[in-house]
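All remarks here apply to the structure that follows.
Number of protein chains: 2
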Amino acid sequence: MDNDEIIRRSQAACEALSADEDGLKRQVLTHAGNRWSLGIVHLLGVNGRLRHAEIGRRMEGVTQRMLTRTLRQLERDGLVLRHDFQEVPPKVEYQLSELGKQMLVHMIPLWTWVVENADGFRRSREQFDADQAL
Amino acid sequence: MDNDEIIRRSQAACEALSADEDGLKRQVLTHAGNRWSLGIVHLLGVNGRLRHAEIGRRMEGVTQRMLTRTLRQLERDGLVLRHDFQEVPPKVEYQLSELGKQMLVHMIPLWTWVVENADGFRRSREQFDADQAL
DNA sequence: CAGTATCCTTGCGGATACTG
DNA sequence: CAGTATCCGCAAGGATACTG
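Residue numbers (this note's numbering), protein chains in the order written: chain A, 1 to 134; chain B, 135 to 268.
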């Protein structure tokens, strides 16, 4: 993909994003930056179907509140399916929807690139902060 | 790319992201969800090098404060280069760094997918909100 | 077990006015 | 022209306690 091809493809995507009055598409993109969304999508991608508490145990540091909240957001955007078994004690399982699996696929290039370039970001920040301190 | 391949590739990326103690990599990913970062990266990708005011004019609705702030963040992460001509009146130009161009390339699949599936998200939300209202 | 409810801090995004 | 300074409302994220 050469430079012109990059430009051409970003043009269409960005015009559509700009025309997004209510911010829906951009809100979907925030899942990429949210504190727990990324990990949950990944976890469900790997494990298929998991219970609420099981996700909580595997996600280091997440609180019940944020876990529930994040799952609700993902469910609302149609990325995650929620199965309530209506039992006592409660049993609820979560899994990726087809949309969620697709999102996982399309986020991987970005994730991978960010991870590979982490050192570059870190160095740039240190340089920037050092310049600011003058 | 089959299901197993998806899993394998997301595994490595997500483990690296999870190990990110100070949240640097995740902070870089928030550029994807920030209100103006996306449009600025796109704009500079298309136009090459632009002055501050020129970006402001082309980005509908952005205030000076948010424009400056967003540019600073992008600069700090090494995605955008800032050229101060040290003139009176002031003249400052911005352009994508090599890192910035790479990010543009790697975000395009995600952007495109989100735009193409916007209807799916919208329908899912409407259904979800309707269920909640019961 | 799978959540709510309450309170708190932080940062995003914006409005407005001012400056070298 | 390219910013700063100061104000504000809102939502993200978290700590803690409680509930069916």
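Glycine is no exception: its CB is placed at the ideal position from the N, C-alpha and C atoms.
According to DSSP, residue i sits in a beta bridge with which residue or residues?
i, result
"B/Arg185", "B/Glu227"
"A/Arg82", "A/Tyr94"
If distances are taken between C-alpha atoms only, which option among the options comes closest to residue i?
i, options, result
"A/Ile40", "A/Gly78, A/Leu24, A/Leu74 and A/Val105", "A/Leu74"
"A/Lys25", "B/Arg160, B/Asp218 and B/Arg257", "B/Arg257"
"B/Leu233", "A/Asn117, A/Met107, A/Ser97 and A/Thr112", "A/Asn117"
"A/Glu15", "B/Val248, B/Asp263 and B/His240", "B/Val248"
"B/Asp218", "B/Ile140, B/Glu227, B/Glu188 and B/Thr246", "B/Glu227"
"B/Ala147", "A/Ile7, A/Arg65, A/Arg9 and A/His42", "A/His42"
"A/Lys91", "A/Ile108, A/Leu17 and A/Glu54", "A/Glu54"
"B/Gly254", "A/Val80, A/Arg35, A/Gly61 and A/Glu87", "A/Val80"
"A/Leu67", "A/Arg35, A/Gln86 and A/Gly48", "A/Arg35"
"B/Ser152", "A/Ala133, A/Gly61, A/Arg82 and A/Asp22", "A/Gly61"
Any beta carbon from chain A within less than 8 Å of residue i's own beta carbon?
i, result
"B/Met200", "no"
"B/Gln145", "yes"
"B/Asp136", "no"
"B/Lys159", "yes"
"B/Leu268", "no"
"B/Ala187", "no"
"B/Val226", "no"
Please find out if some non-hydrogen atom of the ligand ZN comes closer than 7 Å to the beta-carbon of residue i.
i, result
"B/Gly173", "This structure lacks the ligand ZN, and indeed carries no ligand of any kind."
Would you report the Cα separation of residue i and residue j, rounded to the nearest angstrom?
i, j, result
"A/His52", "B/His165", "29 Å"
"B/Arg192", "B/Leu184", "10 Å"
"A/Ser37", "B/Ala264", "23 Å"
"A/Phe128", "B/Leu238", "21 Å"
"A/Ser97", "A/Arg72", "13 Å"
"A/Asp4", "A/Pro89", "58 Å"
"B/Gly212", "A/Val28", "25 Å"
"A/Leu44", "A/Gln95", "6 Å"
"A/Val46", "B/Leu244", "20 Å"
"A/Arg76", "B/Met241", "23 Å"
"A/Gln64", "B/Arg143", "28 Å"
"A/Met6", "B/Ile140", "For the sequence presented, residue 6 of chain A should be read as Ile rather than Met. One C-alpha to the other measures close to 24 Å."
"B/Asp136", "A/Gly23", "32 Å"
For residue i, decide whether its Cβ has a neighbour in chain B, counting only Cβ atoms nearer than 8 Å.
i, result
"A/Arg76", "yes"
"A/Leu71", "no"
"A/His106", "yes"
"A/Val80", "no"
"A/Ile7", "yes"
"A/Gln95", "no"
"A/Ala130", "no"
"A/Ile36", "According to the sequence as given, residue 36 of chain A is Trp; it is not Ile. For A/Trp36, the answer is no, since every Cβ of chain B falls outside 8 Å of its Cβ."
"A/Leu110", "yes"
"A/Thr63", "no"
"A/Arg58", "no"
query: Could you give the uninterrupted runs of the beta strand (DSSP E) lying entirely in the stretch 26-78 of chain A, keeping only those of 3 residues or more?
result: 49-51
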